[in-house]
Each structure stands twice: as C-alpha cells, then as structure tokens.
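In this note's numbering, the protein residues as written are 638 to 795.
In structure tokens, the structure reads:
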C-alpha cells in the first residue's frame with residue numbers, strides 16, 4: 638500500500654500535465670484556424686484597397702472625369718447650366734471633391750443623364766438632388782445636384 642499511493646499521485650500529476658498539454662495543443666490548433674481566417678481577411682482587404690487605388694480619382698485624373706460628366710450630359714441631350722467644383726474636403730485617408738452641378742432638359746433627358754453618370758469609373762455619391770420645373774409654362778426641368786468624388790491620399794503608406 639505504501640508503494641502504491643506515491644505512484645498513484647505521480648501518475649495523477651502526469652495525467653494532469655498531459656491534459657494541460659493536450660488543451661494547449663487544441664488551443665494552438667484553434668489559433669491556427671483563427672490566424673488563417675485573419676490572413677484571408679487581410680488578403681481580401683489588401684485586394685480591395687489595391688482595386689480602389691486603381692479606380693479612385695487623382696487630381697490629375699479629375700479633369701478627365703469632369704469631361705466625362707459633360708460628355709454624358711451632351712449624350713443625354715441635357716444642358717449643363719452650372720458646373721462648379723467646390724473646395725476639397727481633406728479627410729483622414731482620402732479627399733472628398735464636391736461638385737455643384739445644375740442641368741436642364743426634359744424628364745427623359747435628365748433621367749438618361751443620371752443613368753449615364755452611374756457608369757463613371759470612379760465611385761461617387763450624389764449628396765443632394767433637386768428637380769423642379771424651369772418655369773410654370775415649360776415642360777423643361779432643372780436638376781440641381783451635388784456630386785461627391787473621392788480621391789486617394791497617396792502620401793499615406795502601409
């Protein structure tokens with residue numbers, strides 16, 4: 638009996654140590670899965686950022702975007718009566734370039750213009766849109782809108 642109890646205590650201690658090490662291995666396997674998921678998400682995020690960098694406006698490209706807006710208006714048959722780029726809003730990671738625009742035309746011409754604007758390569762927001770008749774006796778409409786283009790702050794690095 639005296640020989641059995643000390644051996645049993647040592648065996649129990651070894652079993653506890655083995656269970657702790659098995660839990661540690663299981664935890665490490667779960668961490669491996671979590672690390673793989675985070676690496677995959679990081680890869681997707683990097684791909685999204687690279688794609689956005691390729692499609693975003695730069696100040697040099699902005700003039701070409703403005704030309705495309707006027708070409709879409711001509712294509713739709715709408716008349717641009719005001720096109721005023723506003724001061725650039727510098728945000729943390731990008732710049733917002735608002736443009737106040739007013740155009741006139743029939744409902745179908747203005748609808749066509751707005752539809753054509755959706756095909757512009759850089760993403761933009763329409764932050765304000767107002768459509769009203771030019772006059773009480775005219776069937777022409779005036780559309781006033783504010784477009785917000787977003788440009789990359791190229792000086793920010795990884």
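C-beta: ideal position from N, C-alpha, C; glycine also.
Between residue i and residue j, is the Cβ-Cβ spacing less than 8 Å?
{"i": "residue 759", "j": "residue 693", "result": "yes"}
{"i": "residue 691", "j": "residue 716", "result": "no"}
{"i": "residue 734", "j": "residue 700", "result": "no"}
To the nearest angstrom, report how far apart residue i and residue j are at their CA atoms.
{"i": "residue 646", "j": "residue 654", "result": "12 Å"}
{"i": "residue 697", "j": "residue 708", "result": "18 Å"}
{"i": "residue 781", "j": "residue 764", "result": "11 Å"}
{"i": "residue 777", "j": "residue 689", "result": "38 Å"}
{"i": "residue 687", "j": "residue 695", "result": "14 Å"}
{"i": "residue 794", "j": "residue 672", "result": "Confidence at residue 794 is low in this model, with a pLDDT of 47, below 50, so the placement of that residue is unreliable and no value is reported for it."}
{"i": "residue 659", "j": "residue 644", "result": "22 Å"}
Report buried or exposed for residue i, applying the criterion of at least 16 other Cβ atoms within 10 angstroms of its Cβ.
{"i": "residue 779", "result": "buried"}
{"i": "residue 736", "result": "buried"}
{"i": "residue 665", "result": "exposed"}
{"i": "residue 775", "result": "exposed"}
{"i": "residue 710", "result": "buried"}
Run through the DSSP bridge pairs and tell me what residue i is partnered with.
{"i": "residue 778", "result": "742, 770"}
{"i": "residue 694", "result": "788"}
Below 7 Å CB to CB, which residues in the same chain sit around residue i once its five sequence neighbours on both sides are set aside?
{"i": "residue 790", "result": "730, 731, 732"}
Which residues in the same chain have their Cβ closer than 6 Å to the Cβ of residue i, if we skip the five residues on either side of it in sequence?
{"i": "residue 767", "result": "781"}
{"i": "residue 638", "result": "Any reading at residue 638 needs caution, since the residue's pLDDT is 46, under 50, leaving its predicted position unreliable; the model's value is listed next. Cβ within range, chain order: n/a, list empty."}
Might you give, ordered along the chain, the residues of its own chain that have their beta carbon closer than 8 Å to the beta carbon of residue i, omitting 5 neighbours on each side?
{"i": "residue 746", "result": "713, 714, 715"}
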